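Participant: Have a look at this one.
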Ligand code: SF4
Ligand code: SF4
């Protein structure tokens, strides 16, 4: 039987859709990555999500130096000094000319405008797997909550199709729209990056007052929350921060569990591909044993629920 849903042509910018995900909430999930973020975390592994619009990417490891991009670019974005290929990202108008002539895929367009119906059509393909595994769709980013109307149309569209919903949020983007988002979101994956407000400001560009406020509101509304805690060596791998996480677990009944997410350097190379400098380039990925040690000392021994 043909299903009839309310049509929506609200558009947003998406930089990835991953099906069959196992790490963004329970069960088998489709994760939709919305472009645009209101924070600038120093360790971000998705810096291509910072700005809301599509943008140029350049991967020097794929470039064979043929200079075809330079020949077709009217904005003089591509410059060659000897064999060195420099890219002036700010001048790019995304006309697409260099993308068409580059044979190696060294230049790419990051992000596409999509309407919510097109995304929901992809999401619904795996509904039988969601139903069997207790999964659903997770909206991530960037910060999905900065797209209020677009995000709401996606969440409502999922509900209309009987699909469970989750959003991964930094707790700062939603403002008053959080109340509307809560009505159509089953699970919140809430980032808890730094317990100290000044450090939060230093490493993300914003203080953390709204994170605590969001947690209070989610608790009052009895929503399910998973606290996601990136652990960055030398930034927040200290006892004070982890003890704060422990206190939050005890205080807020809405938190089902906390997930420690050890720093991994795999995303660091993405910064250069969009013309940004990565300031933590000396930081090494954390070993799995270090994560286990942190969990043992601070949670299991105290019986706090990881
Ligand atoms: S997309 Fe157009 S403006 Fe941007 S670098 Fe390529 S040719 Fe130049
Ligand atoms: S067209 Fe592609 S491979 Fe050739 S120089 Fe430009 S980026 Fe490199």
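In our numbering, the protein residues as written are 40 to 345. Glycine included, every Cβ here is placed at the ideal spot set by N, Cα and C. Predicted model only: the values in this text are computed from it and were never measured.
I need the straight-line Cα distance from residue 128 to residue 137, nearest angstrom please.
Facilitator: Distance between the alpha carbons of residue 128 and residue 137: 13 angstroms.
Participant: Assess, as a yes-or-no matter, whether the segment 274–281 is touched by the segment 112–130 under the definition of 3 or more beta carbon pairs within less than 8 angstroms.
Facilitator: These segments do not touch.
Participant: Just curious, the alpha helix (DSSP H) that residue 131 is in, first and last residue?
Facilitator: Neither: residue 131 is in no alpha helix (DSSP H) and is coded neither H nor E.
Participant: For residue 285, which of helix, strand or coil comes out of DSSP?
Facilitator: Helix at residue 285.
Participant: Confirm the yes/no value for this check: CB of residue 299, any heavy atom of ligand 1, distance under 8 angstroms.
Facilitator: Checking every heavy atom of ligand 1 against the Cβ of residue 299, none is found closer than 8 angstroms.
Participant: With distances taken between CB atoms, is the gap from residue 102 to residue 143 smaller than 9 angstroms?
Facilitator: Closer than 9 angstroms, so yes.
Participant: Just to confirm, does residue 260 get its C-beta within under 8 angstroms of one of the non-hydrogen atoms of ligand 1?
Facilitator: Residue 260 Cβ: outside cutoff for every heavy atom of ligand 1.
Participant: State the Cα-Cα distance for the pair residue 140 and residue 65, rounded to the nearest angstrom.
Facilitator: Going from the Cα of residue 140 to the Cα of residue 65 covers about 43 angstroms.
Participant: Look at the Cβ atom of residue 77, then the Cβ atom of residue 211, and state whether they are nearer than 9 angstroms.
Facilitator: Contact: yes.
Participant: Using a Cβ-Cβ cutoff of less than 6 angstroms, which residues in the same chain neighbour residue 239 once the five nearest sequence positions on both sides are dropped?
Facilitator: Around residue 239: 233, 246 and 247.
Participant: How long is the line joining the alpha carbons of residue 88 and residue 290, rounded to whole angstroms?
Facilitator: If I take the Cα positions, the gap works out to 33 angstroms.
Participant: Does the distance between the C-beta of residue 135 and the nearest non-hydrogen atom of ligand 2 fall short of 8 angstroms?
Facilitator: The answer is no for residue 135.
Participant: Is the separation between the beta-carbon of residue 258 and that of residue 214 shorter than 9 angstroms?
Facilitator: In this structure, residue 214 does not lie closer than 9 angstroms to residue 258 by Cβ.
Participant: To the nearest angstrom, how far is it from the Cα of residue 194 to the Cα of residue 150?
Facilitator: Rounded to the nearest angstrom, the two C-alpha atoms are 20 angstroms apart.
Participant: Would you identify the three-state DSSP class for residue 82, choosing helix, strand or coil?
Facilitator: Residue state, collapsed to three classes: coil.
Participant: Please work out which residues of its chain come closer than 6 angstroms, Cβ to Cβ, to residue 181, disregarding the five sequence neighbours upstream and downstream, and give them in chain order.
Facilitator: Closer than 6 angstroms at the Cβ level, and outside the excluded window around residue 181, lie 73, 74, 75, 76 and 88.
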